[in-house]
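**Q** Quick one: this structure, given as structure tokens, is what I'll be asking you about.
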Amino acid sequence: MGHFDHEHPHSHGEHVHEHTHTDENGQTYVHSHAHAHQGDHHHGHGGAQILAVLQYMLDHNIHHAKELGDMASELDGEARHQLLHAVESFDQANGYLSAALEELKKKE
Numbered sequence: 045m046g047h048f049d050h051e052h053p054h055s056h057g058e059h060v061h062e063h064t065h066t067d068e069n070g071q072t073y074v075h076s077h078a079h080a081h082q083g084d085h086h087h088g089h090g091g092a093q094i095l096a097v098l099q100y101m102l103d104h105n106i107h108h109a110k111e112l113g114d115m116a117s118e119l120d121g122e123a124r125h126q127l128l129h130a131v132e133s134f135d136q137a138n139g140y141l142s143a144a145l146e147e148l149k150k151k152e
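Each position in the sequence shown, counted from 1, maps to that position plus 44 in my numbering.
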């Protein structure tokens with residue numbers, strides 16, 4: 045399980061992701077969201093924790109797909125085309141994550 049096997053640059057606390065956006069008036073703004081990690085990530089993860097991480101990842105991907113779609117709607121040409129492909133990729137990944145979650149929920 046890739047997420048569980050890698051080392052984080054920290055063992056406790058949280059890290060923050062920042063995103064820059066430009067609104068319809070050309071105003072640029074940054075928003076951020078934090079990811080809290082409890083404890084050291086070198087231990088086993090039970091089924092409930094896997095479900096929680098997968099649900100978080102799905103929700104996070106849905107959020108990013110919407111952001112990409114919003115940005116694409118403000119662009120044209122090749123940049124818009126590539127962003128729409130990125131949205132499709134998120135949508136496809138979200139389908140797989142949803143299916144995995146449903147299968148795991150059946151076993152709970």
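Ideal placement from N, C-alpha and C gives every residue a C-beta, glycine not left out.
Owing to the predicted nature of the structure, the values given are computational and were not obtained by experimental measurement.
Suppose you measure from the CA of H87 to the CA of H108; what does that come to, to the nearest Å?
**A** Note that H87 has pLDDT 46, beneath the 50 cutoff, so the model's placement of it is unreliable and the number below is only indicative. If I take the Cα positions, the gap works out to 29 Å.
**Q** Using C-beta distances below 7 Å, list every residue in its chain close to L145, excluding the 5 sequence neighbours before and after it, in chain order.
**A** L95, L98, Q99 and L102
**Q** Please classify L127 as buried or exposed, where buried requires at least 16 other C-beta atoms within 10 Å of its C-beta.
**A** Answer is buried; the Cβ neighbour count reaches 16.
**Q** In terms of residue numbering, what span does the alpha helix (DSSP H) encompassing E147 cover?
**A** G121 to K151
**Q** Starting from the C-beta of V131, find all residues in its chain whose C-beta is less than 8 Å away, skip the five residues before and the five after it, and write them out in chain order.
**A** A109, L112, G113 and A116
**Q** Taking the alpha helix (DSSP H) that E111 belongs to, which residues open and close that run?
**A** G91 to S117
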